[in-house]
Each structure stands twice: as C-alpha cells, then as structure tokens.
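A.B. asks: Residue numbers (this note's numbering): 1300 to 1393.
All C-beta atoms, glycine included, are put in the ideal place defined by N, C-alpha and C.
1) Determine the direct distance from the alpha carbon of residue 1338 to that of residue 1354, and round the result to whole angstroms.
2) Where in the region 1327-1375 do unbroken runs of the beta strand (DSSP E), each at least 3 residues long, occur, reported from the N-terminal end onward?
3) So, is residue 1368 buried or exposed, given that buried needs 16 or more other C-beta atoms within 10 angstroms?
4) Would you kindly work out how many angstroms separate the C-alpha atoms of residue 1328 and residue 1322, rounded to a whole number?
5) If we count the other Cβ atoms within 10 Å of its Cβ and call it buried at 16 or more, is residue 1317 buried or exposed?
6) By how many angstroms is the C-alpha of residue 1382 removed from the C-alpha of residue 1344?
7) Report the residue from 1315, 1332, 1349 and 1341 whose alpha carbon sits nearest the alpha carbon of residue 1324.
Here is the structure:
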C-alpha cells in the first residue's frame, strides 16, 4: 500500500487486489478508464472523488509506476496546512 501518493488498497481478497489512485481531476479519471476499462475502473462509492481503481493483476509494472508517480507529483504540490501559533502558558505565581 502506497500512502504517500494517496493510494489505497480497495479489496481484501488477495487474488483480486485493486489500488485506488487519487488523480488531479475527473477528466483524467474518465480518460484513463476509457483507455483500458478492463484494468482501470470505478465503483459507485468513488464517483464523487477523482479516484481511479486499478486491478493489480492486470496492470503492467510500468503503467502502475507512471500512475503512482503522477499521483504523488500532483498531490505533493499542494501547500502544507498552516500550523496555528500556540500560546505558551506561563504559571501565575501568587
């Protein structure tokens, strides 16, 4: 499971493992699914997210590597969340 590039394992049966890849937009997702629907697919649960599911038993190593690296590059460009400044408490002496 590759967590740094926003990927996750979708099924629990080892002979049918799929990997979810978080993409940049819905157009990219639709294009990938249209290109190879036997390898890349989408379940109704993920329709509102820019995610494509990839069947690991059918994808080539090079294609999977391109998907994961591309997802990592697209999502790593997001600026990190800003940290709130914390106030230091000082003990009051009586």
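C.D. replies: Looking at the atomic coordinates:
1) If you draw a straight line from the Cα of residue 1354 to the Cα of residue 1338, it is about 5 Å long.
2) Given a length threshold of 3 residues, each whole run of the beta strand (DSSP E) inside the region 1327-1375 is given here in chain order: 1350-1354.
3) With fewer than 16 Cβ atoms within 10 Å of its Cβ, residue 1368 is classed as exposed.
4) Per the coordinates, the alpha-carbon of residue 1328 lies some 7 Å from the alpha-carbon of residue 1322.
5) Result: buried.
6) CA-CA distance, residue 1344 to residue 1382, rounds to 32 Å.
7) Just measuring C-alpha positions, the residue of 1315, 1332, 1349 and 1341 sitting nearest residue 1324 is 1349.
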